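In terms of this note's numbering, the sequence shown is residues 1295 to 1770.
In what follows, a structure is listed as C-alpha cells, so that the remarks can point back to it.
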Amino acid sequence: MTPSHYIDGHWVEGQGSDCIVVHDPSDAQPFAELLAASSAQVDQAVAAARRALASWKTVGAAERAAYLRGFAEQLGLRRDALIALQMRNNGKPRHEAEVDLDDAIATFAYYADLAEQLPAKNRDVPLAAPGFSARTRLEPVGVVGLIVPWNFPLVTSAWKLAPALAAGCTVVLKPSEVTPLVELAYGQIAETLGLPAGVLNIINGKAETGAALSGHNGLDKLSFTGSNGVGSQVMRAAAAQCRPVTLELGGKSAIVVFDDCQVDQALDWIIAGITWNAGQMCSATSRLLVQDGIAEALLPRLRQALAALRVGNPLEQEVDMGPLTSQAQWLKVAGYFAKAREEGLACLTGGTALDREGWFVSPTLYVDVPEDSRLWREEIFGPVLCARRFGSEAEAIAQANDSRFGLVATVCSADLDRAERVADALEVGHVWINSVQAVFVETSWGGTKASGIGRELGPWGLAGYQSVKHVTRCLG
Ligand code: NAD
C-alpha cells in the first residue's frame, strides 16, 4: 500500500481498520487499495494544523498569494495525470475531466488575487459618537475541517482549500472514500512548493474518519459538501461544540422552458443539465418544466436525443456520458427505476441499468410525473429527468419552488424580461438564464432551504473562512 495521508508535511500509511478499495466504474474492477486513517491520525492532523496556524496566519499577503499561484501552476503541470485519473476513477468523459481541472486551477488563481487584496480590506470605521476611533481586521477563522464528496473531487476541494488558505486558515481535508487518490495531488503540490508543514493535511477514510474529524474538538470550523443525511450529522457534531459550519448539500433543481424557446437550443441546455457527470451533480436540473405550447415539439426530440447519447468507457472511446461513479450510486439509481415502475410513471426512454460490465445506466426521461412522485421530489443523483407541463409563468414559478431543496435553476426564454422576473422569483442560490451549469469563480455557490448553509466561491467563499475583529480606541 502506498502512503495516502499527508500529515504535518509527511506522507504516511493509514493505521485505521477500514480498507478503502478504489474502483474503475467502467469495468467495476478495483485498481488501488489503501488503509484509512485511524482516529489517532486524525488527532495528529488536527494538532499539526493547530501548530501551523500561528505562523501561517501572519504570512504576508504576497507570500500567501504566491503559494496559491503555485497550486494553480502545479495543477497545470500535472494536467495529463489528473485528467486520466478522473476519467478512470470517476468515469468522467475527457472533456469533463478537463473542465474540472481548469476550474480547480482558476479557483486557486482567483483566491491568490483575493489574498493579495486582503490588507486593503482592513479599514477604519467612521463612528457617529465623538471621542472614539474604530477599525476592522479580517482574521482567519482558524483550523478548519474540510469534508468532501466524490462527484467533483478536485473542484470541490479547490473551492474549500483555496479560500481557506487565502484567509490564513490551516486545514485538514478528508476526501471521499470513493475517490481518495486525486486530491493527494494537493499534498504533493504542498510538498513541491514547500508549504509549511501542517498548513495542509489530508486524511483519507470512510464515515468513521469523517465523524472523527467533524466531532474533533480541535477545529474552529467545518466545511462540508455532501448528502443531507451526513450533513445533518456534521451539523450536530458542530452544534455540540457551538462551532460554525458551512454545508453544501443536495438539490432537486428545476429547468423551466418557455414556449418562445428554440427547440434545438433548449435541448442542449436540458440534456447537459442532466447528463453532465452522468447526472451526479448537486446542481443537476432534474425537474423539467415545459410550457404547454412547446411540449409536443420538444419532448419527442428530447427522447430521441437522450437515446442517441454515446454512453461508454471514457478511456476506450469518445463518449457523451460515462458510468455512475460507484456501485452504491448505481444501485441507488436502479432503485429509483424500480420505484418509477411501481408508481407507473410514463418512461419515454431509459429507465434501466445497462446490461454490460461497469456501473452504467441509460439516460432516462419520465413525463407527466405527478407532483407527489418520489422521483419528482427526491434527489436521485443520476441521469434521470422527470418532466411536467405548465401553462402560465406563475404556475412555472410555483412548481419550481415546490421543493424542499433550493440549490439552482435554469430559465430558458427568448423574453429576457420574463426570464429575469422568473429568476428573481425562484427560491434558489443560483439561476442560469439561457445557459447551463456555467459556474464562474467570481460568482457565489450554495443553496437555500435544505440545499445548505453558507456560500462558496467569490468573496463570499473567502468570507466563510474569515472572522471580523473590531478594534475601538478611546481618543480622550
Ligand atoms: P456523503 O454525504 O455520503 O459523503 C460526503 C463525505 O462525507 C464523504 O467524504 C464521506 O466519507 C463523509 N462522511 C460520511 N459519513 C460521515 C459522517 N458520519 N461524518 C462525517 N463525514 C462523513 O455524500 P456523497 O455521496 O459523497 O456525495 C453526494 C452528495 O453530495 C449529494 O447529495 C450531492 O447533492 C451532494 N453535493 C452537494 C454539492 C453542493 O455544492 N451543494 C456539491 C457536490 C455534491
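For each residue, glycine too, the CB sits at the ideal point set by N, CA and C.
Because the structure is a prediction, the values reported are computed rather than measured.
- Of all alpha-carbon atoms in Ile-1314, Pro-1434, Glu-1357, Met-1381, the one lying nearest the alpha-carbon of Gln-1760 is that of Pro-1434.
- Taking a contact to require three or more Cβ pairs closer than 8 Å, the segment 1537-1551 and the segment 1354-1363 do not qualify as touching.
- Going by beta carbons, Gly-1439 and Ser-1508 fall inside the 8 Å limit.
- Judged by their CB atoms, Thr-1704 and Trp-1726 are nearer to each other than the 8 Å cut-off.
- In the DSSP assignment, Pro-1434 falls within the beta strand (DSSP E) that extends over 1426-1434.
- DSSP places Gln-1693 within a helical segment (H, G or I) once states are collapsed to three.
- As summarised for the segment 1609-1674, the continuous beta strand (DSSP E) elements at least 3 residues long and confined to that stretch are 1640-1643, 1658-1661, given in chain order.
- The alpha-carbon separation between Ala-1505 and Ala-1422 amounts to approximately 48 Å.
- Your pair Asn-1383 and Thr-1464 does not check out as a contact, with CB atoms roughly 27 Å apart and the cut at 8 Å.
- The count of Cβ pairs closer than 8 Å, one atom from the segment 1549-1568 and one from the segment 1579-1586, reaches three, so the stretches are in contact.
- The segment 1659-1679 makes no contact with the segment 1396-1411; the number of CB pairs closer than 8 Å stays below 3.
- DSSP places Trp-1563 inside the alpha helix (DSSP H), whose first and last residues are 1557-1569.
- Counting the other Cβ atoms within 10 Å of the Cβ of Arg-1749 gives 16 or more, which makes it buried.
- Here the distance from the Cβ of Pro-1443 to the nearest heavy atom of the ligand NAD is below 7 Å.
- Judged by beta-carbon spacing, Gly-1645 lies beyond the 8 Å limit of Phe-1654, meaning their Cβ atoms are not closer than that value.
- In summary, Leu-1625 is exposed, with fewer than 16 beta-carbon neighbours lying within 10 Å of its beta-carbon over all protein chains present.
- Only residues of its own chain outside the window of five on either side were considered, and among them Ile-1549, Ala-1578, Thr-1579, Thr-1704, Val-1730, Gln-1731 have a CB closer than 7 Å to the CB of Gly-1567, listed in chain order.
- A residue is called buried when at least 16 other Cβ atoms come within 10 angstroms of its Cβ; Phe-1325 does not meet this threshold and is exposed.
- In the structure shown, Ala-1548 adopts extended strand secondary structure according to DSSP, grouped into three states.
- For Gln-1585, DSSP records a beta bridge to Phe-1684.
- The alpha-carbon separation between Ala-1428 and Asn-1495 amounts to approximately 37 Å.
- Gly-1652 is a Cβ neighbour of Asp-1321, given a cutoff of 8 Å.
- For the segment 1510-1549, the full-length beta strand (DSSP E) segments reaching 3 residues or more read 1515-1519, 1539-1542 along the chain.
- Apart from sequence neighbours up to five positions away, the residues of its chain that approach Gly-1499 with a beta-carbon distance below 7 Å are Gly-1310, Asp-1312, Ala-1330, Ala-1331, Lys-1468, Glu-1471, ordered along the chain.
- Straight-line spacing of the CA atoms in Leu-1432 and Gly-1512 works out to 21 Å.
- A distance criterion of 7 Å places the beta-carbon of Glu-1471 in contact range of the ligand NAD, judged by its closest non-hydrogen atom.
- A distance below 8 Å between beta-carbons, with the five flanking residues on each side excluded, links Val-1493 to the following residues of its chain, in chain order: Ala-1343, Ala-1346, Trp-1350, Leu-1459, Thr-1464, Val-1465, Ala-1484.
- Scanning the segment 1453-1491 from its first residue to its last, the whole beta strand (DSSP E) runs of 3-plus residues come out as 1464-1468.
- Taking the Cα of Ala-1591 as reference, the smallest distance to any Cα among Lys-1633, Ile-1747, Gln-1611, Cys-1555 is reached at Cys-1555.
- Of the residues Asp-1562, Gly-1385, Trp-1453, Pro-1608, the one whose Cα lies closest to the Cα of Gly-1676 is Gly-1385.
- A heavy atom of the ligand NAD is found nearer than 7 Å to the CB of Val-1528.
- Within the same chain, Glu-1750, Leu-1751 come within 6 Å of Trp-1739 by CB-CB distance, once the 5 residues on both sides are set aside.
- Annotation note: the segment 1307-1387 contains the following uninterrupted alpha helix (DSSP H) runs of length 4 or greater, listed N- to C-terminal: 1333-1350, 1355-1371, 1373-1384.
- By the C-beta density criterion, Lys-1763 is exposed, having fewer than 16 other C-beta atoms within 10 angstroms.
- Here the alpha carbons of Val-1437 and Ala-1348 stand approximately 10 Å from one another.
- Counting every other CB atom within 10 Å of its CB across the protein chains shown gives Thr-1766 a total below 16, marking it as exposed.
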